[in-house]
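Trainee: Convert by adding 16 to the 1-based position in the sequence shown; the result is the number in this note's numbering.
Structure incoming, see below.
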Amino acid sequence: MVGKAVLHSVDALKSRDHNASREVVRGDAVINEKRFAIEADCLRLIATQQPMARDLRSIAAVLEIITDLERIGDYASGVARINIMMGTSRSSSL
Numbered sequence: 017m018v019g020k021a022v023l024h025s026v027d028a029l030k031s032r033d034h035n036a037s038r039e040v041v042r043g044d045a046v047i048n049e050k051r052f053a054i055e056a057d058c059l060r061l062i063a064t065q066q067p068m069a070r071d072l073r074s075i076a077a078v079l080e081i082i083t084d085l086e087r088i089g090d091y092a093s094g095v096a097r098i099n100i101m102m103g104t105s106r107s108s109s110l
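Dropping the structure here:
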């Protein structure tokens, strides 16, 4: 989802497609929800299953990765918002 959001936000910026940018911004909320759901699942695993060292490291890695992926999704949304704020003027440098 995050990879697609990045690609779509850059493509929308290149083509100055405001509708696609709005879709990326809306999709960021889904990415955020997914992050919190995965985080809750990880914490539930820790609390209920008492994972041993190897499994605990895997869960900790997942927690780090989802945080980074959510941040990348925020950056994609930021690119889409910039495209929307730029309005309809075209730049020859794109």
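Every residue, glycine too, gets a C-beta built ideally from N, C-alpha and C.
Remember, predicted model here, so these are calculated numbers, not experimental data.
If we ignore side chains and look at the alpha-carbon of each, how far apart do V41 and S74 end up?
Mentor: Working through the sequence shown from its first residue, we reach residue 41 at position 25. Working through the sequence shown from its first residue, we reach residue 74 at position 58. In a straight line, the C-alpha of V41 is about 30 Å away from that of S74.
Trainee: Which of helix, strand or coil does DSSP assign to Q65?
Mentor: Residue mapping note: residue 65 aligns to position 49 of the sequence shown, counting from 1. Of the three classes helix, strand and coil, the one that applies to Q65 here is helix, per DSSP.
Trainee: Excluding the 5 residues flanking L61 on each side, which residues of the same chain have their C-beta closer than 7 Å to its C-beta?
Mentor: For the purposes of this step, residue 61 is taken as the residue at position 45 of the sequence shown. P67 and I75, listed in sequence order.
Trainee: Applying the criterion that 16 or more other CB atoms from any shown protein chain within 10 Å of the CB defines a buried residue, is E80 buried or exposed?
Mentor: To locate residue 80, count along the sequence shown from 1; it is residue 64. Exposed: under 16 other Cβ atoms inside 10 Å.
Trainee: Buried or exposed: where does G19 fall if 16 or more other Cβ atoms within 10 Å of its Cβ makes it buried?
Mentor: The residue you call residue 19 lines up with position 3 of the sequence shown. Counting Cβ neighbours within 10 Å, G19 comes out exposed, since fewer than 16 surround it.
Trainee: Which whole-angstrom value describes the C-beta separation of V22 and I82, a residue pair presumed to lie in contact below a C-beta threshold of 8 Å?
Mentor: Taking the first residue of the sequence shown as position 1, residue 22 is located at position 6. Taking the first residue of the sequence shown as position 1, residue 82 is located at position 66. Not really, about 16 Å apart at Cβ, beyond 8 Å.
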